[in-house]
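*Asks:* Chains as they are written, first to last, in full-length UniProt numbering: chain A, 1 to 296; chain B, 1 to 284.
Positions of the beta carbon are idealized from the N, C-alpha and C atoms, including for glycine.
Here the structure is a predicted model, which means the values were calculated and not measured.
Here it is: the structure, laid out below.
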Amino acid sequence: MTRTRASGRTVGGLRTLLLQAPAVTLLLLWMIVPLGMTIWFSFQYYNLLMPGMSGFAGVENYEYLLTDPALWKAMGNTLLLVGWVLAITVGGGILLAVLFQQEFAGRGIARVLAISPFFVMPTVSALVWKNMMMHPSNGVLAWLANTLGLPAMDWFSTLPLTSIVIIVAWQWLPFALLILLTAMQSLDEDQVEAARMDGAGPFAIFFFITLPHLKRAISVVIMIEMIFLLTIFAEIFVTTSGGPGLATTNLAYLIYMQALLDFDVGVASAGGVIAIILANIVAIFLVRMVARNLED
Amino acid sequence: MTTRHINAAPPASRSRQIKQLVLTLVGWAVALAIFFPILWMVLTGFKTETAAIADPSFIFSPTLESYQAVNARSGYARFALNSVAVAFGSTFLALLIAIPCAYAMAFLPTRRTKGTLLWMLSTKMLPPVGVLVPIYLIFRDVGLLDTRTGLIIIYTLMNLPIVVWMLYTFFKDMPEDILEAGRMDGASTFQEVFYLLLPLTLPGIASTGLLSVILSWNEAFWSLNLTTSKAAPLTAYIASFSSPEGLFWAKLSAASTMAIAPILVLGWMTQKQMVRGLTFGAVK
């Protein structure tokens with residue numbers, strides 16, 4: 001917070017303000033205008049297919065949504081999707097990070113291969129899995145099942161949500177791995193060595209040294225994944241379109257259906273507000289944590 | 001960890017060698033299992049459509065048939081061009097807006113700087129689906145639906161917080177003495193930024209730009225909802241293969257391979273910086 005520099009030039013608030021103005025103004029608009037409109041629409045009768053109907057709706061859109069079993073189904077699916085993908089990616093990510101931390105021949109290349117799915121666009125991941133992996137008769141998994149003498153499975157009709165979980169977890173496992181591996185590199189080797197000298201086995205080292213060291217990185221992974229996973233869209237759009245029935249409809253897909261398929265702006269906006277509230281509960285914790293990190 | 005090592009090893013470390021061997025096998029098995037769908041996609045792209053849906057096999061006579069078909073019939077180049085224009089356009093704009101901002105935050109901090117940074121981060125938390133309706137309606141009314149300009153605007157705003165954050169952390173790492181020295185020699189702010197700051201932090205700026213390109217290239221919520229045909233980037237084009245009529249796995253694979261190859265390579269190159277950007281510096 002020095003007000004004067006060696007050059008004698010004062011650190012002006014005005015110059016700072018002007019330099020930041022474009023970015024701050026744009027982000028402010030980007031946040032406030034659509035947010036305000038979403039909240040406004042959520043209290044209006046507004047259906048693009050019924051131009052005559054308009055006006056203040058009070059909480060009717062919310063009432064409509066909250067009493068619609070589809071919303072609760074979608075909320076349930078959203079939570080299941082987020083919960084399962086988090087469990088798989090964080091659990092798997094920790095194990096993989098420990099594995100890829102060990103020295104072995106070609107480790108560098110193995111690591112690169114393992115993080116690759118994160119860079120694949122979601123529509124490609126979803127379609128490759130849906131067709132070439134999970135297709136009931138021509139997919140690799142069906143072939144594998146047949147070879148082992150098991151019955152082949154029609155993944156998307158028998159276990160639709162599980163199929164989506166598998167695809168999304170495949171995309172995000174590398175993310176968890178990447179972050180946790182990075183965090184692992186700052187692990188104090190001397191401490192591990194000292195523990196080993198004192199007779200600690202690999203499990204003791206993992207539970208009492210590695211895991212506590214990764215705690216912070218794990219919470220970052222959980223929160224960032226949550227923000228993205230709450231609104232998974234493309235994977236559902238190209239594989240199941242939310243079906244069969246509502247089996248794979250999450251909150252994001254429900255809002256999309258209300259808005260761009262049913263053209264009910266009012267109800268879709270009410271759904272949007274619910275999604276924003278959900279995301280914000282998570283966001284508050286993440287922002288707090290980053291803020292704490294900014295101190296040092 | 002080479003064969004020479006193994007041959008010369010004394011009997012005492014025999015168990016160590018076995019452990020190494022097991023570790024190597026497990027490590028590679030896991031890595032290949034995770035990578036398998038990508039590998040399979042690349043291979044399928046070089047098969048004929050008949051071979052693509054036949055029993056899985058690594059042995060086949062490779063053909064470029066599908067690549068030719070994708071390029072000739074579906075106008076792959078047009079979608080690729082949209083992706084390039086949108087990803088690089090939005091990245092260029094985001095850098096242009098973010099560099100002055102990050103410069104001010106790093107070198108001319110005020111009491112509000114920390115608050116501003118955190119607020120920027122919080123705009124990233126707004127779920128896109130929450131603002132889909134208003135953005136769609138605004139775009140419809142001003143004629144930005146299905147235009148590259150529309151997507152560029154959205155992606156610029158979407159990535160701006162991350163770009164500012166990453167640039168800020170890179171600028172912060174730069175020793176200020178160098179800038180001071182420049183000022184002593186009478187450099188203006190403009191000269192200071194252009195002749196000292198930018199060249200010295202170029203690697204950081206480049207990796208920030210690459211991250212922004214990767215995120216825009218792979219974005220599939222706005223591209224699916226705001227474009228139909230004219231401005232559709234590769235994410236939306238690939239989605240068009242989801243229609244149930246017929247199985248075009250070889251063509252899907254060829255198109256997908258072309259769509260992800262450049263980004264996969266960029267991702268491999270920038271994985272370290274990626275962590276920094278995606279976690280807002282919370283994990284180093």
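Please report the residue range of the alpha helix (DSSP H) in which residue 350 of chain B lies.
*Replies:* There is simply no residue 350 of chain B to check, as chain B begins at 1 and stops at 284 in what is shown.
*Asks:* Taking Cβ positions only, does B/Gly130 come closer than 8 Å to chain A?
*Replies:* So, interface residue.
*Asks:* Okay, do the stretch 205 to 221 of chain A and the stretch 183 to 194 of chain A touch, 3+ Cβ pairs below 8 Å being the bar?
*Replies:* Flag = yes, the stretch 205 to 221 of chain A and the stretch 183 to 194 of chain A touch.
*Asks:* Pick helix, strand or coil for A/Gln185, following the three-state DSSP scheme.
*Replies:* coil
*Asks:* Name, please, each residue of chain B whose Cβ falls closer than 9 Å to the Cβ of A/Ile255.
*Replies:* Val129, Gly130, Leu132 and Val133
*Asks:* The beta strand (DSSP E) that contains A/Met50, what's its start and end?
*Replies:* Met50 to Phe56
*Asks:* In this structure, does DSSP put B/Asn71 in helix, strand or coil?
*Replies:* helix
*Asks:* Taking C-beta pairs closer than 9 Å, name the residues in chain B that A/Val90 reaches, listed in chain order.
*Replies:* Ordered by position in chain B, no residue passes the 9 Å Cβ test against A/Val90, which lies about 14 Å from the chain.
*Asks:* In chain A, which residues lie with their C-beta within 8 Å of the C-beta of B/Tyr136?
*Replies:* Ala259 and Leu260
*Asks:* From A/His213 to A/Asp188, what does the alpha carbon distance come to, in whole angstroms?
*Replies:* 9 Å
*Asks:* What residues in its chain sit with their C-beta under 6 Å from that of A/Ala270, if we drop five residues either side in the sequence?
*Replies:* Ser42, Asn61, Tyr62 and Leu65
*Asks:* Are the C-beta of B/Ala85 and some C-beta of chain A separated by less than 8 Å?
*Replies:* With 8 Å as the cut-off, B/Ala85 does not count as an interface residue toward chain A.
*Asks:* B/Pro199 to A/Ala291, Cα distance in whole Å?
*Replies:* 30 Å
*Asks:* Give me whichever residues DSSP pairs with A/Tyr45 in a beta bridge.
*Replies:* A/Gly55
*Asks:* Locate the alpha helix (DSSP H) running through B/Asn159, then write down its first and last residues.
*Replies:* Arg148 to Lys172
*Asks:* Residues of chain B with CB under 8 Å from A/Pro117, in chain order?
*Replies:* Listed along chain B are Ile34, Phe35, Pro37 and Ile38, each with a C-beta nearer than 8 Å to that of A/Pro117.
*Asks:* Under a three-way DSSP split, which group does A/Asp264 fall into?
*Replies:* Shown here, A/Asp264 sits in a strand according to DSSP, grouped into three states.
*Asks:* Give the interface partners of A/Met122 over in chain B, defined as CB-CB distance under 8 Å, in chain order.
*Replies:* In the sequence under discussion, the amino acid at residue 122 of chain A is Pro, which differs from the Met named in the question. Residues of chain B passing the Cβ test: Asn218, Ala220 and Thr235.
*Asks:* Please return the same chain residues whose Cβ sits closer than 8 Å to the Cβ of B/Ser122, not counting the five positions on each side in sequence.
*Replies:* none
*Asks:* Between B/Asp173, B/Leu211 and B/Leu179, which lies nearest to B/Thr156 when the distance is taken from Cα to Cα?
*Replies:* B/Leu211
*Asks:* What residue range does the alpha helix (DSSP H) around residue 325 of chain A cover?
*Replies:* The requested residue 325 of chain A does not occur in the structure, where chain A is confined to residues 1 to 296.
*Asks:* DSSP state of B/Leu145, grouped into three classes?
*Replies:* coil
*Asks:* Please report the straight-line C-alpha distance between A/Trp84 and B/Ala33, rounded to a whole angstrom.
*Replies:* 20 Å
*Asks:* According to the neighbour-count rule (16 or more other Cβ atoms, all chains shown, within 10 Å of its Cβ), is A/Asn146 buried or exposed?
*Replies:* exposed
*Asks:* Quick one: grab the DSSP three-state call for A/Arg292.
*Replies:* helix
*Asks:* Comparing the C-beta of A/Trp72 with each C-beta of chain B, is any distance below 8 Å?
*Replies:* no
*Asks:* State the DSSP-derived secondary structure class of B/Phe60, mapped to helix, strand or coil.
*Replies:* coil
*Asks:* Give a yes or no on whether the minimum CB-CB distance between A/Pro22 and chain B is below 8 Å.
*Replies:* Among the CB atoms of chain B, one or more fall inside 8 Å of the CB of A/Pro22.
*Asks:* Hey, quick one: how far does the alpha helix (DSSP H) through B/Leu115 stretch, first residue to last?
*Replies:* Note on identity: in this sequence residue 115 of chain B is Gly, with Leu being the wrong assignment. For B/Gly115, the uninterrupted alpha helix (DSSP H) segment begins and ends at Thr113 to Thr123.
*Asks:* Between B/Asp55 and chain A, is any beta-carbon pair separated by less than 8 Å?
*Replies:* yes
*Asks:* Taking 8 Å as the cut-off, does the stretch 89 to 105 of chain B touch the stretch 249 to 256 of chain B (at least 3 CB pairs, one atom from each stretch)?
*Replies:* no
*Asks:* How many angstroms separate the CA atom of A/Gly245 from the CA atom of B/Phe221?
*Replies:* For A/Gly245 and B/Phe221, the gap between their C-alpha atoms comes out near 22 Å.
*Asks:* Distance check for B/Thr44 and B/Gly115, CA to CA, integer angstroms please.
*Replies:* 51 Å
*Asks:* Distance check for B/Leu95 and A/Thr4, CA to CA, integer angstroms please.
*Replies:* Any reading at A/Thr4 must be qualified, since the residue scores a pLDDT of 46, below 50, and its modelled position is unreliable; no value is offered.
*Asks:* Among the candidates B/Trp165, B/Met184 and B/Lys230, whose CA atom is the shortest distance from the CA of residue 323 of chain B?
*Replies:* Here chain B comprises residues numbered 1 to 284, so residue 323 of chain B is not present and cannot be evaluated.
*Asks:* Does the distance from the CB of A/Ala252 to the CB of A/Thr231 come in under 8 Å?
*Replies:* yes
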